Amino acid sequence: MNSGTPSSSAAGAGSADSTAPRRNSKRPKYSRFTQQELPACKPILTPKWVIGTFLLVSVIFIPIGVVSLFASRDVVEIVDRYETDCIPEALRNDKVGFIQSNQNKTCQRTLRVPKNMKQPIYVYYQLDNFYQNHRRYVKSRSDQQLRNNGSLQDTSPCKPEDNTASGPIVPCGLIAWSLFNDTYGFTRNNQQLNVNKRDISWKSDREHKFGKNVFPRNFQNGTLKGGATLKPDVPLSEQEDLIVWMRTAALPTFRKLYGKIEVDLQRDDVINVTLENNYNTYSFSGKKKLVLSTTSWLGGKNDFVGIAYLTVGGLCFFLALVFLLIYLIKPRQLGDPSYLSWNRNPSGH
Amino acid sequence: MMKGSQQQWPLLVPPPRTPGKEELPIDIDSSIPVSSMSKPYSDSQIEMSGDFVRNPSSHSIQSKSSSTHSIKGVSFREGHDLNPVSYGSRGASLGSNPVRYGSRGASSGGFTSSYKEINDEDARLVYVNDPGRTNQQRFKFAGNSIRTSKYSILTFLPRNLFEQFHRIAYIYFLVIAILNQLPQLAVFGREASILPLAMVLFVTAVKDAYEDYRRHRSDRIENNRLASVLVNGEYEDKKWKDICVGEVIKVSGNQTLPCDMVLLSTSDATGVAYVQTTNLDGESNLKTRYAKQETQMRTPVVGNIGGLLIKCEKPNRNIYGFQANMEIDGKRISLGPSNIILRGCELKNTDWVVGVAVYAGKETKAMLNNAGAPSKRSRLEKRMNKEIIILSIFLVALCTVVSICHGAWLRRHREELYLMQFYRKYDYSEPEVKKYEYYGWGMEIFFVFLMSVIVFQVMIPISLYISVELVRIGQAYFMIRDDRMFDKSTNSRFQCRALNINEDLGQIKYVFSDKTGTLTENKMEFQCASVGGVDYDNGKDISTEDWQTGYSVQEYQGESPDEQALAYAAASYGFMLVERSSGHIVIDIQGKRQRFNVLGLHEFDSDRKRMSVIVGCPDQTVKVFVKGADTTMFKVIDKSLNLNMVNATESHLHSYSSKGLRTLVIGMRELSTSEFEQWQSSYESASTALMGRAKLLRKVANNVENNLKLLGASGIEDKLQQGVPEAIESLRTAGIKVWVLTGDKQETAISIGYSSKLLTSKMTQIVINNNSKDSCRKNLDDALQLYKKLSNVSHSNDGGHGAGTNQLALIIDGTSLVYILETELEEKLFELASKCTAVLCCRVAPLQKAGIVALIKNRTDDMTLAIGDGANDVSMIQKADVGIGISGQEGRQAVMASDFSMGQFRFLVPLLLIHGHWNYQRISYMILYNFYRNVVLVFVLFWYVLFTGFTLTTAITDWSSVLYSVIYTSLPTIVVGILDKDLGRGTLLQYPQLYGAGQRGESYNGKLFWVTILDTMWQSVAAFFIPLAAYWDSTVGVSALGDLWILAVVILVNIHLAMDVIRWYTITHIAIWGSILATFICVMIIDALPFLPGYWAFFMIAKTKLFWVCLLGIVVAGMVPRFVVKVFVQHCKPNDIHIAREAEKFGNLRETNAETEMNPISDLPRSTATATT
């Protein structure tokens, strides 16, 4: 609308631009951010980096693998599977019947120590095929009730082991109900080996998760007994077997700490185990094992980590060699424009 | 305006525009500038208003008021995008956008149907100055208060939720959350299952609330503005919101109009008022509006206004149309769009106007045009949706596997379920033994199926939709802020109007460009003229005599750039347009003022392709002057008068148009008194006719436009925009086919083609220019033959190397297209056109433009982009996959219909080659990565399910699996999606070919999808089975192992991203490493809550070395295959992007970088840019 006087030039059109006032220019404010020109590091996988990376991985992994493998080999582990052997041969046709009966279930086992074992020697029981991670099972617990004396009634997630006629069950739920109740006693050369059952559970659990003033009530009073009973006058925070059991296992095959033997065992020692075979795994053909094991910095006896690390480390070393060969046999100058598709194949476009 | 000049009349007063001419099947010659007189002849008392009536349905207005077309509420846009810079030659109507009133063109069919007496039922009756009576009708008219806000405090929650749940993603969340609330299916804790939905709803609600708050505020300001309203015979100030229909309002100069009003009188004696409609349609030039003489005379006496009754059509959104009549003293006069002024316009150059409100508030045309931006789906998104369907099939498959396995497990253990400690099928606690949560075999399987859907819900990456939206907002932000896409001359930024097709910009294969105003500046410059058979090049001395006869006629209000150019040229030769009023023009001819009476006007129409004006000259003669396209003009010129001159002019015309000039032919005839009287009576009856007025007027025009004496011709240059040849060159190198579609004639088009480097001398031109279907067929066949021959020759010559030497260019005109489009010949045209390097379509009608776009779109998968600036490009812009509007000279209709708008054609280069490329790479990677990210978690969950008796226990806590896509892994992908760049600007501009990666869909395709899924499988195996094997036969608890798994997955997923990041900014580091850290912190917090079963698990397991050894092992083992493949491909089968990236890093490009920076395509050198800000 605002233009120069028509007489100014034949190309008056062009002059409008300059005469128009430059009010509030909308030019975007310049900043390196808005122009996407922020300083940046642009790593590129050059042959040096590639081979270096592979070598670095193998340099780290192979030693770790070796160390882990040695650690695992150093661990001495005695595993004794006893669920079938501990049933009198005559009754093995009806294992469930036997385990549900009131017969004497004491069972003697003899273990030979293959190597010297340094204390502490951990005593575990191992269950196979026991789905502690089954949805119906995992959920059947009341963490409120375990912690807090005031939450006795908080049994809603505990079905079907929530209430009895005489009030709420403490600790309620399937997990507590099915507490493992086999017991082990050890003798070496007719001398009792003490099993320390203190501090087998997590300190955090004893202090914060299981109440010091929560006592078992109405526990295992139902028609169907699932497992161990608890002493009613011991607070839950001191019922360490329960605390261990309540840490539900991740996998259907699991070990739980039973106790610690705090003396060294010598090679070829013979250990007699007096075992109360009470726990019913027969109804679902679960295995039971008694495990005595030392530990290493990496945990128990498990070669997997060592082998896996050696494999990955070895593979990376091999890959370093392969890429070295590739780079030597078929070198390519990085960023050479002649490799661009339109330069390689001009008729392509 | 025009201060200091003796002129009181705006040069630029275009009449109301008539959009929607897409309906015309006939091509429109845009080389013919059309001028018009914007006013009916008040002195001759001819009523013309009915001509304004348009069929509202034929409109293509997509506009909405400028303040609201921000991209879906992104708040960094600053309201309007007007063009405050004005041009001398600015004009809204071009030849390609003809204005027809006076006589109507080919659309008379549509016209007659739309022109009808306003039905009483459809009419709104407005009693002037009697709002009480006006509003006492069947329907209450809307008040003038407006509400653009959507919610009030009360309605916010329900309405906002309702609107949010329109999105399928939210419904999915909702269904899953509801499923989870059923007691049998409660997989997740109640809070955890609602969290993701709540989070998304909350974020969106906050955003909506903030936007609405801003709207409320602006509404309040708007509603409380004051206007002067006639109450009891005096003008009083009244708030806008209190104005009602029927009230008489007085508006002073420079004020904004509060509602749509019919003009009653103005401060100008002739009843003229000027309004600026920038707020309405973005056109910054002034438009004239008129008060009817009948009311103009009576208004000064206030009491006289009453008693008028206006009967007008119902509110509609057509801002260029209005249909009404007014009863005054028992006489009925009709009102048209030139009698109404619309809300939002500004009154300019007029002291005051008085009008009566006819539409108020939400019924005003401005408010009715507040429609949303066009919604398109990007191609990547379509592909993504397809793959999401594949993922859903995966999901169903996984769920089926789990439920079937669970069924089998139950079957196998069915005898054992009674006593199993961990199953307990029966509840023995009551005296009566009941089944405990066991609903039978079939039901159990069904429940497990539903539960697995809940557990595996993240398989469908719903969060991806939200992240992609965020990333697109970020990309839009960068595009808008790009300094190189800011047009200084129009002061306009790049604009994203559609927010969901950013990445399509990286895959364009065809660009369809308008010519005038898009490739060229649409700033016309008079170059040369042929007068009386003599060629006058610019600068030659032209004799006064010739000029007077030739050009005085052109000196009325120039409303098109062509006329502007002519008026300026004439002025510089001493013929000054002094006054242009309703019925006359005054011209200062070398110091002597002369008055010409304008007696009649026949508007341009696409049938006649010419327009004429009947002028009463000072010497009392009456002359008809006609100007128009050469083709039609020579038909009506009496060649016998001066054959030599006609021939000379024709040859001049040819040379003008081959120089790329727009040509016009001017003819004249003197009318005898009888002829004039005859014309006048037929003109009067035609223009008052109620039916078929346009046809009648055309007939009148044809009767008078004949036997003309040729005066001469003019050549006007339409200058090419800056940087266009370079831009076209770049686009072509990038493998984008540029087609130019123009209304101009062939010679002009070809010459512009040459100057813009679209055509080169190396090309073989195929010209198709036919009048029948058969000849078209023959031509196409011949052309295909020619192509085969040429390609054979070049093959035999140098073994395929020389395909480039025999480039073809196809030039086809609109007439031929009429016979080709939508017939079986289309196939041939497509075959031919797709083989041509350049395609130029001239003399095409708007609808044909869309037809050509459809030709490509229907036959290929290639992405199309249409760019244009005028209303005639709207159909093409809407048809193409991506529509770009040039916010230039021709108003804003193209911009309103477009997905993106920008100031200059050359911005296409940074837009496509840089932003398009980046957007595409970013979004593609982001989609694949998000698929991977979610699927890897799902598979880790799935593997675990196999070890839980298929009962969907999750080792990973509910909270972690919910937070996974919200906190643990969401930010890095968004940051990388917004910021990462595969290549720098300089490289992308230097090698436009790199754009091909997007065209070929190299960054996201089926192959990559499946490779990603394979990689995902491996990584999930590594993440799951390494801890599984390492902790086999151990005392590890479910929560501890779950913590290990979630941490492993999060680290893996982030390292995976880190491996693919190309540019590491500080913020990238923060996002990636910060996410890992955040995950650790979250896991710690979750494990520090004593009421959760997993209390302290993380701290216990993190104390063991095995945990860390596992983590390291997982990350390395998980990444090795990907790393190997990546390195191998990069070395042995590098793609262009790899090479270019290396070159960028190692400096092979460095010396050339500086050069590209200076390239005109990349706009300003850095230093200038910083200096001006």
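Same order as they appear, the protein sequences are chains P and Y. Each residue of the first sequence is one higher than the one before, starting from 1 at the first, in the working numbering. Each residue of the second sequence is one higher than the one before, starting from 10001 at the first, in the working numbering. For each residue, glycine too, the CB sits at the ideal point set by N, CA and C. Because the structure is a prediction, the values reported are computed rather than measured.
Beta-carbon gap between Y:T10764 and Y:L10786 smaller than 9 Å: In the second sequence, counting from the first residue as 1, residue 10764 of chain Y sits at position 764. In the second sequence, counting from the first residue as 1, residue 10786 of chain Y sits at position 786. Yes. Within cutoff.
Local conformation of Y:Y10819 per DSSP, three classes: Numbered from its first residue, the second sequence carries residue 10819 of chain Y at position 819. Correct three-state label for Y:Y10819: helix.
Closest Cα partner of P:A176 within the set P:I99, P:L275 and P:R247: The residue you call residue 176 of chain P lines up with position 176 of the first sequence. Of the listed residues, the one whose Cα sits closest to P:A176 is P:R247.
Closer than 9 Å to chain Y by CB, P:R188: Your numbering for residue 188 of chain P matches position 188 in the first sequence. So, not an interface residue.
Contacts of P:Y339 in chain Y (Cβ-Cβ under 7 Å): Working through the first sequence from its first residue, we reach residue 339 of chain P at position 339. Here the neighbours are P11134 and I11139.
Y:M10479: first and last residue of the uninterrupted beta strand (DSSP E) it sits in: By one-based count along the second sequence, residue 10479 of chain Y stands at place 479. First-last for Y:M10479: I10462 to R10481, but that is the alpha helix (DSSP H), not the beta strand (DSSP E).
Residue from P:P331, P:P337, P:W342 and P:L340 with nearest C-alpha to P:T46: As a first step, residue 46 of chain P must be located in the first sequence, where it is residue number 46. For P:T46, the nearest C-alpha among the options comes from P:P331.
Entirely enclosed alpha helix (DSSP H) segments - the segment 10920 to 10973 of chain Y, minimum 4 residues: 10958 to 10963
Any chain P beta carbon closer than 9 Å to Y:H10166: Here residue 10166 of chain Y refers to the residue found at position 166 of the second sequence. For Y:H10166, the answer is no, since every Cβ of chain P falls outside 9 Å of its Cβ.
Own chain partners of Y:Y11228 with C-beta closer than 7 Å, once the 5 adjacent residues on each side are dropped: The requested residue 11228 of chain Y does not occur in the structure, where chain Y is confined to residues 10001 to 11173.
CA-to-CA distance, Y:L10519 to Y:S10338, given in whole angstroms: Taking the second sequence and counting its residues from 1, one reaches residue 10338 of chain Y at position 338. Taking the second sequence and counting its residues from 1, one reaches residue 10519 of chain Y at position 519. Going by the C-alpha atoms only, they are around 33 Å apart.
Member of Y:P10725, Y:T10953, Y:F10526 and Y:Y10235 whose CA lies at the smallest distance from the CA of Y:A10569: Locating residue 10569 of chain Y in the second sequence gives position 569, counting from the first residue. Of Y:P10725, Y:T10953, Y:F10526 and Y:Y10235, the residue nearest in Cα terms is Y:F10526.
Proximity below 9 Å, CB of Y:G10903 to CB of Y:T10490: Residue 10903 of chain Y sits at position 903 when you count from the first residue of the second sequence. Residue 10490 of chain Y sits at position 490 when you count from the first residue of the second sequence. In this structure, Y:T10490 lies closer than 9 Å to Y:G10903 by Cβ.
Residues from the segment 108 to 130 of chain P in contact with chain Y, defined by Cβ distance under 8 Å: Y124, Q126 and F130
Distance, Y:D10630 Cα to Y:Q9978 Cα: In the structure as shown, chain Y starts at 10001 and stops at 11173, and residue 9978 of chain Y therefore has no counterpart that could be examined.
Identified DSSP bridge partners for Y:Y10359: What you label residue 10359 of chain Y is simply residue 359 of the second sequence in a count that begins at 1. Note: Y:Y10359 sits in a beta bridge opposite Y:D10260.
Identity of the residues DSSP links to Y:C10312 by a beta bridge: Position 312 of the second sequence, counted from the first residue, corresponds to residue 10312 of chain Y. The partner list for Y:C10312 (beta bridge, DSSP) reads Y:R10124 and Y:A10324.
Distance between beta carbons of Y:F10188 and Y:D10958, contact taken as under 8 Å: Numbered from 1 along the second sequence, position 958 holds the residue referred to as residue 10958 of chain Y. Numbered from 1 along the second sequence, position 188 holds the residue referred to as residue 10188 of chain Y. Contact flag correct, Cβ pair sits at about 4 Å.
Residues of the segment 244 to 271 of chain P with Cβ closer than 9 Å to any Cβ of chain Y, in chain order: V244, M246, R247, T248, A249, A250, L251, P252, T253, F254, R255, K256 and L257
Neighbourhood of Y:H10413 by C-beta, 8 Å cutoff - its chain only, sequence neighbours within 5 removed: In the second sequence, counting from the first residue as 1, residue 10413 of chain Y sits at position 413. These residues qualify, in order along the chain: M10420 and Y10423.
Alpha carbon of Y:D10798 to alpha carbon of Y:R10732, nearest angstrom: In the second sequence, counting from the first residue as 1, residue 10798 of chain Y sits at position 798. In the second sequence, counting from the first residue as 1, residue 10732 of chain Y sits at position 732. At Y:D10798, the pLDDT of 47 sits below 50, so the modelled position is not reliable and the matter cannot be decided from this model.
7 Å Cβ cut-off: residues of chain P touching Y:N10491: As a first step, residue 10491 of chain Y must be located in the second sequence, where it is residue number 491. In chain order: S25 and K26.
Span of the alpha helix (DSSP H) around Y:H11069: One-based indexing of the second sequence puts residue 11069 of chain Y at position 1069. Segment T11066 to D11087, the alpha helix (DSSP H) holding Y:H11069.
Any C-beta of chain Y under 9 Å from that of P:G335: On the first sequence, residue 335 of chain P is found 335 positions in, with the first residue counted as 1. For P:G335, the answer is yes, since a Cβ of chain Y falls inside 9 Å of its Cβ.
Within 7 Å of chain P by C-beta, residues of the segment 10941 to 10953 of chain Y in sequence order: F10947, T10948, G10949, T10951, L10952 and T10953
Cβ of P:N196 within 9 Å of any chain Y Cβ: For the purposes of this step, residue 196 of chain P is identified with residue 196 of the first sequence, where counting begins at 1. So, not an interface residue.
Selection of the segment 10414 to 10427 of chain Y by Cβ proximity to chain P, strictly under 7 Å: E10416, L10419, M10420, Q10421, F10422, Y10423, R10424 and D10427
8 Å contact criterion, which Y:M10485 and Y:L10911 should meet: CB distance rounded: For the purposes of this step, residue 10485 of chain Y is identified with residue 485 of the second sequence, where counting begins at 1. For the purposes of this step, residue 10911 of chain Y is identified with residue 911 of the second sequence, where counting begins at 1. Y:M10485 to Y:L10911, Cβ: 6 Å. Contact.
8 Å Cβ cut-off: residues of chain P touching Y:S11034: Numbered from 1 along the second sequence, position 1034 holds the residue referred to as residue 11034 of chain Y. By Cβ distance, chain P contributes F254, R255, G299, G300 and N302.
Contact list for P:N280 against chain Y, beta-carbon separation under 8 Å: One-based indexing of the first sequence puts residue 280 of chain P at position 280. Those are L10419 and Q10421, listed as they occur along chain Y.
Through-space distance from Y:M10451 to Y:A10186, alpha-carbon basis: Here the question's residue 10186 of chain Y lines up with position 186 in the second sequence. Here the question's residue 10451 of chain Y lines up with position 451 in the second sequence. Whole-angstrom Cα-Cα distance: 8 Å.
Outcome for Y:Q10590 when other beta-carbon atoms lying within 10 angstroms are tallied against a minimum of 16: In the second sequence, counting from the first residue as 1, residue 10590 of chain Y sits at position 590. When all chains shown are included, Y:Q10590 counts as exposed.
Test: P:P160 CB closer than 9 Å to a CB of chain Y: In the first sequence, residue 160 of chain P corresponds to position 160, counting from 1. Closer than 9 Å: yes.
Contacts that Y:G10483 makes with chain P (C-beta to C-beta distance below 8 Å): Start at 1 with the first residue of the second sequence, and residue 10483 of chain Y comes out as number 483. It is worth fixing the name first, because residue 10483 of chain Y is Asp in this sequence and not Gly. What Y:D10483 touches in chain P: R27, P28, Y30, T34 and Q35.
C-alpha distance - P:T34 paired with Y:F10478, whole-angstrom precision: For the purposes of this step, residue 34 of chain P is identified with residue 34 of the first sequence, where counting begins at 1. For the purposes of this step, residue 10478 of chain Y is identified with residue 478 of the second sequence, where counting begins at 1. Taking the straight line joining both Cα atoms gives about 6 Å.
Closest Cα partner of Y:C10617 within the set Y:K10828, Y:D10504 and Y:R10595: Numbered from its first residue, the second sequence carries residue 10617 of chain Y at position 617. Checking every option, the nearest Cα to that of Y:C10617 belongs to Y:R10595.
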